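Student: Handing you this structure, nothing more for now.
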Amino acid sequence: LPYMERQANRVEDVLQPLVASGEIQSLYTVVGRWDPNILFISAPLAPWSERERSQQAIAAEIAPILRNLPGAGARVFSSNSLNLRGSSGGLELVLTGNEYDRIYAAARAYADAIRERLSSVQGPRIGYQPTQPQLSVRIDRRRVADLGIELPQLAETLRAMIDGLDVIDLNVDDQAVPIMLEAGARAIDDPGDLVNLYVRAGSGALVPLSSVVTIVEAGVASELERQSQRRAVEIDVDVVEGVALQTAIDELRALAAEVVPPDIEVLTRGEAATLEESGRETLLTYGFALLVVFLVLVAQFESLTSALVIMAIVPFGLAAAIFSLFLTGTSLNIYSQVGLVMLIGLIAKNGILLVEFADQRRDAGLPVREAVREAATVRLRPIAMTLVSTVLGALPLILSSGPGAEARAAVGWVVFGGLGLTALFTLYLTPVVYLGLARFARPRSHAAEALEAELRAAATPASPAAPPPAPGG
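Written as structure tokens, this is what we have:
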């Protein structure tokens, strides 16, 4: 711990200029909580409005300095935006297999290939370290048996001198207070002090521990991790600023197919795993959204044809939104996907304005061509006003700055590009589709007239039957 405290002071010295400038508000240091050889320093940044640089720029400045600290390996990361368990702020991969040695060898080869061949990610770090120093106590069981020493007694002696022995729980004011048996002085200041302990033999004499045990120092893994019930080794990488997370995942998987042996599987964690899972469910989400909108339209118009006309424009709007993301260099992330789902309803809304009026004119007795022509003329202004107001409403999302600007811009570009480019399809393609499909469906007025005729026929009493002729008449 004294060595780790000195390393913590070195890291804090590196961060002190940022604390003095106000970019970092405070420092919180934890030494040896999870592992005696690991320290964690939390450095909350000042609010966005009180600093000029982004957290990526600050991290890029201090990361090279921390990596060059002698006798320590340091890295800088921030909490992920979705606050997912297991994510270290970067892209987290896990290699799983049957043997730790094979997995570790594959992880080292994979990390070397990432450094040499990929530019979208940097700084690969392997979480599995098989060189953690550990002291093992090897007991000479034959010697212990000859001296009449009980193994539980030997284990309790070691536990009491090193960590303390839980003797009993004392009940004080209805609360259990553990009573620990510990050495009166720090008898264990060095691994060599273990051999100076004494245990009682069967004869009652005190026997030095060094006569029955051997202290062996070896390098072992500090933690053995598992993923999906298989042995696992973790690799963390940092995504280069400006590179989409999905792009980095695709490149890492392509490289893994070349470098990693086939019996070792590469999995993702944290945000990367959530992104891949959401990507697999995207088509299902869009399909469900289309189905819900379609069913609502069918119920509203009481016509399958009118609902099909409106929904025929939706795929063009989604394609236009994705094209706008491509033109602006915006990735198809979780925020833009939410915007695409919202866009389905907005596109259907504009189609409703035209189709509803055309159906009303057909109910008034106009033929299909005349009805759709009049609807396109009369509804041009409302549709144009709706499109312009919605598109202009997306501009503040695109032009905004500050925290969360990237998320707002993704939604804004979907609405701006999707509705803006879909205006042509709504104004020109919707009448064409309506003209092609509506001619095969009768107006709702015809159905209403047929229903009224059936009701009148059912309400009209039947004429009485003629009496049978009289016999002999």
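Residue 430 in the working numbering sits at position 430 of the sequence shown, and the numbers go up by one each step.
Each residue gets a CB set at the ideal place from its N, CA and C atoms; glycine is no exception.
Remember, predicted model here, so these are calculated numbers, not experimental data.
Enumerated in chain order, which unbroken segments of the alpha helix (DSSP H) with a length of 4 residues or greater are wholly contained in the stretch 263 to 335?
Tutor: Counting only runs of 4 or more, we get 270 to 301, 304 to 311, 314 to 328.
Student: Who are the near neighbours of THR131 in its chain, counting only those whose CB is closer than 6 Å to its CB and skipping five residues on each side?
Tutor: Residue numbering aside, residue 131 sits at position 131 when the sequence shown is read from its first letter. These residues qualify, in order along the chain: GLY219.
Student: Starting from the C-beta of ILE264, find all residues in its chain whose C-beta is less than 8 Å away, skip the five residues before and the five after it, and write them out in chain order.
Tutor: As a first step, residue 264 must be located in the sequence shown, where it is residue number 264. The residues are LEU95, THR96, GLY97, ARG102, ILE103, ALA106.
Student: Measuring only the C-alpha atoms, how far is PRO47 from ILE38?
Tutor: The count along the sequence shown starts at 1 and reaches residue 47 at position 47. The count along the sequence shown starts at 1 and reaches residue 38 at position 38. When rounded, the distance between both Cα atoms is 29 Å.
Student: Cβ atoms of LEU340 and VAL414: under 7 Å apart, would you say?
Tutor: Position 414 of the sequence shown, counting from 1, holds the residue named residue 414. Position 340 of the sequence shown, counting from 1, holds the residue named residue 340. Yes, the pair counts as a contact, with Cβ atoms nearer than the cut-off.
Student: Measuring straight from C-alpha to C-alpha, what distance separates ARG125 and VAL216?
Tutor: For the purposes of this step, residue 125 is taken as the residue at position 125 of the sequence shown. For the purposes of this step, residue 216 is taken as the residue at position 216 of the sequence shown. Roughly 29 Å separates the two Cα atoms.
Student: Answer yes if the stretch 266 to 275 comes into contact with the stretch 128 to 148, meaning at least three C-beta pairs across the two stretches below 8 Å, and no otherwise.
Tutor: No, they do not touch.
Student: Within 10 angstroms of the Cβ of MET311, are there 16 or more other Cβ atoms? Answer buried if so, exposed if not.
Tutor: Against the sequence shown, residue 311 aligns to sequence position 311. Buried.
Student: Can you tell me whether GLU5 is buried or exposed, with buried defined as 16 or more other CB within 10 angstroms of its CB?
Tutor: Here residue 5 refers to the residue found at position 5 when the sequence shown is read from its first residue. With fewer than 16 other Cβ atoms within 10 Å, it is exposed.
Student: DSSP state of GLY420, grouped into three classes?
Tutor: The residue given as residue 420 occupies position 420 in the sequence shown. Reduced to three states, the DSSP call for GLY420 is helix.
Student: What ranges does the alpha helix (DSSP H) occupy inside the stretch 71 to 139, keeping only unbroken runs of at least 4 residues that lie completely in it?
Tutor: The qualifying runs are 100 to 117.
Student: On the CB-based measure, 16 or more other CB atoms within 10 Å of its CB, does ALA321 come out buried or exposed?
Tutor: Counting from 1 along the sequence shown, the entry for residue 321 is found at position 321. With 16 or more Cβ atoms within 10 Å of its Cβ, ALA321 is classed as buried.
Student: Buried or exposed for SER389, please, with buried defined as at least 16 other CB atoms from any protein chain shown within 10 angstroms of its CB.
Tutor: Locating residue 389 in the sequence shown gives position 389, where the first residue counts as 1. Exposed, since its Cβ has fewer than 16 Cβ neighbours within 10 Å.
Student: Quick one: is VAL199 buried, meaning 16 or more other Cβ sit within 10 Å of its Cβ, or exposed?
Tutor: Counting from 1 along the sequence shown, the entry for residue 199 is found at position 199. Buried.
Student: Is ILE24 helix, strand or coil by DSSP?
Tutor: Translated into positions along the sequence shown, residue 24 becomes position 24. Strand, per DSSP.
Student: Contact check, SER324 vs PHE416 under 8 Å by CB: the rounded distance?
Tutor: Position 324 of the sequence shown, counted from the start, is the residue given in the question as residue 324. Position 416 of the sequence shown, counted from the start, is the residue given in the question as residue 416. The Cβ separation is near 7 Å, so the contact holds.
Student: What's the call for ASP169, buried or exposed, on a 16-neighbour Cβ count within 10 Å?
Tutor: Counting from one through the sequence shown, the residue named residue 169 turns up at place 169. By the neighbour-count rule (16 or more Cβ atoms within 10 Å), ASP169 is not buried but exposed.
Student: Nearest to LEU15 by CA position, among ALA244, ARG439, VAL76, VAL240, is which residue?
Tutor: Position 15 of the sequence shown, counting from 1, holds the residue named residue 15. Of the candidates ALA244, ARG439, VAL76, VAL240, the one whose C-alpha sits nearest the C-alpha of LEU15 is VAL76.
Student: According to DSSP, is GLN227 part of a helix, a strand, or is it coil?
Tutor: If you number the sequence shown from 1, residue 227 lands on position 227. Residue state, collapsed to three classes: strand.
Student: Just to confirm, are ILE347 and GLY317 a CB contact at a threshold of 7 Å?
Tutor: For this step, residue 347 is matched to residue 347 along the sequence shown. For this step, residue 317 is matched to residue 317 along the sequence shown. For ILE347 and GLY317, yes; Cβs fall inside 7 Å.
Student: Considering only C-alpha positions, which residue in the set LEU429, PRO367, ARG369 is nearest to LEU308?
Tutor: Numbered from its first residue, the sequence shown carries residue 308 at position 308. Measuring from the Cα of LEU308, the nearest candidate turns out to be LEU429.
Student: In the DSSP assignment, what residue or residues form a beta bridge with ARG200?
Tutor: Within the sequence shown, the letter at position 200 stands for residue 200. Its beta-bridge partners are LEU206.
Student: Mind checking THR422: buried by the 16 CB within 10 Å criterion, or exposed?
Tutor: Counting from 1 along the sequence shown, the entry for residue 422 is found at position 422. Per the 10 Å Cβ criterion, buried.
Student: What residues are listed by DSSP as bridge partners for VAL341?
Tutor: For the purposes of this step, residue 341 is taken as residue 341 along the sequence shown, with counting starting at 1. Looking at the DSSP assignment, VAL341 forms no beta bridge with any residue, so it has no partner.
Student: Using 10 angstroms around the beta-carbon of ASN9, count the other beta-carbons present and answer buried if the total reaches 16, otherwise exposed.
Tutor: Here the question's residue 9 lines up with position 9 in the sequence shown. Per the 10 Å Cβ criterion, exposed.
Student: So THR214 is in the beta strand (DSSP E); what residue range does that whole segment cover?
Tutor: Along the sequence shown, one-based indexing puts residue 214 at 214. Looking at the DSSP string, the run of the beta strand (DSSP E) that includes THR214 is 213 to 220.
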